[in-house]
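Heads up: the sequence lines are chains S and H, in that order.
For any residue, its number in this note's numbering is found by taking its place in the first sequence, counting from 1, and adding 340.
For any residue, its number in this note's numbering is found by taking its place in the second sequence, counting from 1, and adding 340.
Think of the CB as a built atom: it goes at the ideal place given N, C-alpha and C, for glycine as much as any other residue.
2 protein chains.
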Amino acid sequence: MTPAKGKLYLVPAPLDFACDKLAPLRHVLPQATLDIAARLQHWICENAKSARAYLVRVRELQPLALPIQALDIQELPHQVHKKGDHQVDFDARPLLGPALRGQDIGLVSEAGMPAVADPGSSVVCAAHDLGVTVVPLVGPSSLLLALAASGLSGQNFAFVGYLPAQTAQRTQRIRELESLALQTGQTQLFIETPYRNEAMLQSLLEVLDAQTRLAVAGGLTLEDALLRSDKVAGWKSRRTSLDKNMPVVFAIGR
Amino acid sequence: MTPAKGKLYLVPAPLDFACDKLAPLRHVLPQATLDIAARLQHWICENAKSARAYLVRVRELQPLALPIQALDIQELPHQVHKKGDHQVDFDARPLLGPALRGQDIGLVSEAGMPAVADPGSSVVCAAHDLGVTVVPLVGPSSLLLALAASGLSGQNFAFVGYLPAQTAQRTQRIRELESLALQTGQTQLFIETPYRNEAMLQSLLEVLDAQTRLAVAGGLTLEDALLRSDKVAGWKSRRTSLDKNMPVVFAIGR
């Protein structure tokens, strides 16, 4: 008889990765998410060191099923991190071996919801193809919190990842996104490597129309959160400087 | 001296609205979200009856600051529900009076994150315009959970709301979305009034290419969750029937 398959749990992580101050886990994760994270013995992760650091924090609240060094922790290959799950020809099915043998697996990224603005969708896709049940757990997502808090439309929106780094291409892309946002009403969200936050803000203020609304959010769920939503004219008359270490979400809309 | 302003908290609600079985609140809401919901005395909501029912559930876990009948609960006008915050000329600033007088306010919708695929962004926007600090709290979002669990790209995606109800227009819109998804790699998410779920699935299976991937998710966080992600050819060879009462999220991608 074939044993019942294990499940693939999508386990959200707090949004304080690489931050000076940590958010208490109970502030950002429901009890059920903590309970499941504590009992899983097999993990697929973006980075094994960060996954262990997360589990150390879970262990401060409740006992883990196994000592951390005894957990089975597999990392996604570097090419998946770098290019995105859907841009590379990566077969994630071998990572799901434990589930085929009846063991539950956790998928975790360094911050927020795995497979959303983060690696992992190839693993989820492979689970569907293998008939492994996928269970997304509740937790924080920087994109979702930024969108809700932006005051921009959440009834029609897009997340487009990173914009081009090269100036002329970036300017053109900003114009494209603004035009989409103004013409269709679709809020456009994107991110930037934190050390380029200020350069991105500068480009946005140079390129966008004075009446376009720009929201910037970072460190949501943390005490020193940054959240500002204003027309470009308002940003220009009073600048907010962006931390070069803080991942932020940019959103434009009308 | 002007008193310090109150804050606007975005308070997520569980995803079991109008469902037979309820999710235990602790499964879907972190302790900090429950703590803040329990102490707020002023609310802005999609529907007052649902907001009270939510607070009754919170009260089962911890005492509220005031009896429910003593809470100040303001409803968003019907036009905002029906057409969307950004489609009507609605000034939400008067709703934020308590915050200007130093009182914190909670914004809550019937299910999930307020202002995401739900009314509320006009209130958030008004808060920014009035200098009222906006604090999004962590909780479930059907869109985000559906996206993460779909196996489709979460690094480039859009939520486009409802598709047209009329057949010819809907067919055209489905073709447009498929073409966007396949050409740009941008996952396209949308929703439908639950009683039309089956008709929507039928249209999708008729219109989409056999190799396009279609994911359908409903009741995530509940025991009887529906989650299937498969190529259209797979859906056609094995049909899943959709509950006519369950709100579902549809997603297409490559």
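Return yes when the Cβ of H:Ala486 is within less than 8 Å of the Cβ of S:Ala455, no when it is not. Not closer than 8 Å, so no.
Out of curiosity, what's the CA-to-CA distance linking H:Ser441 and H:Lys345? The sequence shown places Arg at residue 441 of chain H, rather than the Ser named in the question. About 6 Å.
Looking at the C-beta of S:Leu595, does it have a partner C-beta in chain H at a distance below 8 Å? Here chain S covers residues 341 to 594 and nothing more, so residue 595 of chain S does not appear.
Please go through the same chain and pick out, in chain order, the residues whose beta-carbon is closer than 8 Å to the beta-carbon of H:Thr524, but skip the five residues on each side of it. Asn496
According to the Cβ coordinates, are H:Ala539 and H:Gln528 closer than 8 Å? no
Among the candidates S:Arg366, S:Asp360, S:Gln371, whose CA atom is the shortest distance from the CA of H:Pro364? S:Gln371
Could you give the distance in angstroms between the alpha-carbon of S:Leu492 and the alpha-carbon of H:Lys584? One C-alpha to the other measures close to 31 Å.
Nearest-angstrom Cβ-Cβ length linking S:Ala498 and S:Ala555, presumed shorter than 8 Å: In this structure S:Ala498 does not touch S:Ala555 by the C-beta definition: roughly 14 Å separates them, more than the 8 Å allowed.
Mind reading off the beta-carbon distance from H:Pro459 to H:Glu386? Whole number of angstroms is fine, and I expect it under 8 Å. 5 Å
Going by DSSP, which residues form a beta bridge with S:Ser449? Answer is none; S:Ser449 lacks a bridge partner.
Consult DSSP for H:His421 and reduce its assignment to one of helix, strand or coil. helix
S:Thr644 to S:Leu447, Cα distance in whole Å? The question about residue 644 of chain S has no answer, for chain S in this structure spans 341 to 594.
Please state whether the Cβ-Cβ distance between H:His382 and H:Asp425 is less than 8 Å. no
Output yes if chain S places a C-beta closer than 8 Å to the C-beta of H:Met540; else output no. no
My output table needs one value for H:Ser581: the three-state DSSP class, helix, strand or coil. Reduced to three states, the DSSP call for H:Ser581 is coil.
S:Thr527 - partner residues in DSSP beta bridges: S:Phe497
Give me the Cβ distance between H:Ala457 and S:Gly494, rounded to the nearest whole Å; I'm assuming they're in contact under 8 Å. Taking a contact as a CB-CB distance under 8 Å, the pair H:Ala457 and S:Gly494 counts as one, their CB atoms being some 6 Å apart.
Just list the beta strand (DSSP E) runs in the region 373-425 of chain S, keeping only unbroken ones of 3 residues or longer that don't cross its boundaries, in chain order. You should have 382-385, 412-415.
Kindly say whether S:Asp425, judged by its beta-carbon, lies nearer than 8 Å to any beta-carbon of chain H. yes
I'd like to confirm something about S:Leu411: is its beta-carbon nearer than 7 Å to some heavy atom of the ligand GTP, or not? This structure does not include the ligand GTP; it has no bound ligands of any sort.
By Cβ distance, which residues of its chain are closer than 6 Å to S:Leu395, with the 5 residues on each side in sequence left out? Ile408
Compute the distance between the beta-carbons of S:Lys571 and S:Leu545, then report whether it is under 8 Å. no
Going by DSSP in three states, S:Ser569 sits in which element: helix, strand or coil? In the three-state scheme derived from DSSP, where H, G and I count as helix and E and B as strand, S:Ser569 is classed as strand.
Quick one: what's S:Ala353 bridged to in DSSP? S:Gly452
Where S:Val463 and S:Arg433 are concerned, what is the direct C-alpha to C-alpha distance, given to the nearest angstrom? Near 7 Å, if we compare the C-alpha coordinates of S:Arg433 and S:Val463.
Which residues does DSSP pair with S:Tyr502 in a beta bridge? S:Ile531
Reduced DSSP category for S:Gly491 - H, G, I as helix; E, B as strand; rest coil: In the three-state DSSP reduction, S:Gly491 falls in the coil class, being neither helix nor strand.
Minimum Cβ-Cβ distance from H:Ser481 to chain S less than 8 Å: yes
Alpha carbon to alpha carbon, how far is H:Ser490 from S:Ala467? 10 Å
Are the CB atoms of H:Pro476 and S:Val478 within a distance shorter than 8 Å? Going by C-beta atoms, S:Val478 is not nearer than 8 Å to H:Pro476.
Quick check on S:Arg536 - is its C-beta less than 8 Å from some C-beta in chain H? no
Any beta carbon from chain S within less than 8 Å of H:Cys385's own beta carbon? Chain S contact via Cβ: absent.
Between the CA atoms of S:Arg578 and H:Arg579 - distance to the nearest angstrom: Cα-Cα distance, rounded: 56 Å.
Taking any Cβ of chain H, which residues in the region 449-469 of chain S have a Cβ under 9 Å from it, in chain order? Residues of the region 449-469 of chain S whose Cβ lies closer than 9 Å to any Cβ of chain H, in chain order: Met453, Pro454, Ala455, Val456, Ala457, Asp458, Pro459, Gly460, Ser461, Ser462, Val463, Val464, Cys465, Ala466, Ala467, His468, Asp469.
Below 8 Å between beta carbons: does that hold for H:Gly501 and H:Leu355? For the 8 Å CB-CB criterion, H:Gly501 and H:Leu355 do not form a contact.
Could you name the residues of chain S that H:Val412 contacts, counting a contact when the two beta carbons are closer than 8 Å? Per the sequence shown, residue 412 of chain H should be read as Asp rather than Val. Below the 8 Å Cβ cutoff, chain S contributes no neighbours of H:Asp412, its closest Cβ being approximately 22 Å away.
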